[in-house]
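Residue numbers (our numbering): 60 to 357.
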């Protein structure tokens with residue numbers, strides 16, 4: 060099948076982050092790193108911001124890569140935080156621009172609440188420390204990097220076992236965009252809405268099925284099946300759910316920079332057999348190389 064040929068020939072990564080959100084590489088550095096790892100089709104999907112897309116696209120052009128504009132939008136669903144990736148968006152679409160600006164303003168309010176919670180637990184200076192690590196938006200990751208720097212944990216993964224999550228110091232409940240809002244901004248801008256890393260949400264089987272049904276009914280069309288934080292068993296689990304709900308399958312490393320990520324760019328396996336890739340029929344693929352010759356019926 061055509062999509063299987065593309066998976067074999069081209070390394071694809073449709074989920075990555077730069078210093079515009081919580082990555083450690085600038086948009087230009089990120090694209091150069093992706094190119095060095097052999098990635099040919101890339102999307103930069105910074106949290107709640109599109110400020111790095113033009114820089115990333117220019118560098119991708121210099122390296123002969125195909126680039127699609129992306130974003131990862133923070134959403135609240137049943138009092139839980141979810142992330143929706145938008146691919147092939149129009150970053151100038153005004154309702155999207157305005158919606159993302161509103162979310163970013165909310166991030167500052169959440170940061171103050173997180174710092175107050177940490178201070179109550181005896182952790183001083185976290186707000187200033189987190190902002191020192193933030194070059195764009197402020198996020199939990201920046202608080203985690205401060206906590207490692209200040210000696211409260213050995214690494215950021217250990218931070219999220221002791222801090223910043225529900226029931227632990229540093230957690231602050233915040234309402235992001237509603238699911239229908241985020242999907243509306245993405246779809247109306249001409250983009251494709253993808254449920255990001257579903258294996259990280261700990262929803263349970265019933266809520267996951269309810270989420271996928273609502274997501275699909277609102278116009279969501281794809282789910283991240285292969286991503287850095289998923290296990291091989293989860294590749295199969297979410298591949299099956301993608302087929303069950305007639306959703307396309309996406310693939311991305313969720314790369315945040317050297318030493319701050321789940322998996323290196325260019326190291327992801329192919330999608331499970333039977334999944335329909337989200338990139339099927341995208342014109343960017345045809346620009347990478349001529350289509351293979353049709354096989355002889357004999």
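For each residue, glycine too, the CB sits at the ideal point set by N, CA and C.
- Counting along the chain, residue 126 sits inside the beta strand (DSSP E) bounded by residues 125-136.
- Here residue 83 is not bridged, per DSSP, to any residue.
- Assignment of residue 265 by DSSP, reduced to helix, strand and coil, places it in the helix class.
- Around the C-beta of residue 131, 16 or more other C-beta atoms lie within 10 Å, and the residue is accordingly described as buried.
- Residue 150 places its beta carbon 7 Å or farther from that of residue 244.
- Per the Cβ contact rule, the segment 156-176 is not in contact with the segment 255-274 (fewer than 3 Cβ pairs under 8 Å).
- Spanning the alpha carbons of residue 77 and residue 329 requires a straight line of approximately 24 Å.
- With a minimum length of 4 residues, the unbroken runs of alpha helix (DSSP H) contained wholly in the segment 237-312 fall at 238-247, 263-276, 291-303.
- Burial state of residue 139 is exposed, judged by a 10 Å Cβ sphere holding fewer than 16 other Cβ atoms.
- For residue 140, DSSP records a beta bridge to 135.
- Residue state for residue 342 is assigned as helix, using DSSP reduced to three classes.
- The three-state secondary structure of residue 198, taken from DSSP, is coil.
- Between residue 272 and residue 256, the alpha-carbon positions lie close to 17 Å from each other.
- Only residues of its own chain outside the window of five on either side were considered, and among them 258 have a CB closer than 6 Å to the CB of residue 289, listed in chain order.
- In the DSSP assignment, residue 182 falls outside any alpha helix (DSSP H) and carries neither an H nor an E.
- Per DSSP, reduced to three states, the secondary structure at residue 107 is coil, with no helix or strand assignment.
- Selection 233, 307, 281 evaluated against residue 137 yields 233 as nearest (Cα-Cα).
- Rounded to the nearest whole angstrom, the CA to CA distance from residue 101 to residue 146 is 10 Å.
- In chain order, 141, 143, 235, 236, 238, 241 place their CB closer than 6 Å to the CB of residue 134, counting only its own chain and leaving out the 5 sequence neighbours on each side.
- Note: residue 336 is bridge-paired with 308 in the DSSP secondary-structure output.
- Nearest C-alpha to residue 214 among 114, 320, 230: 320.
- Taken through DSSP and simplified to helix, strand or coil, residue 148 comes out as coil.
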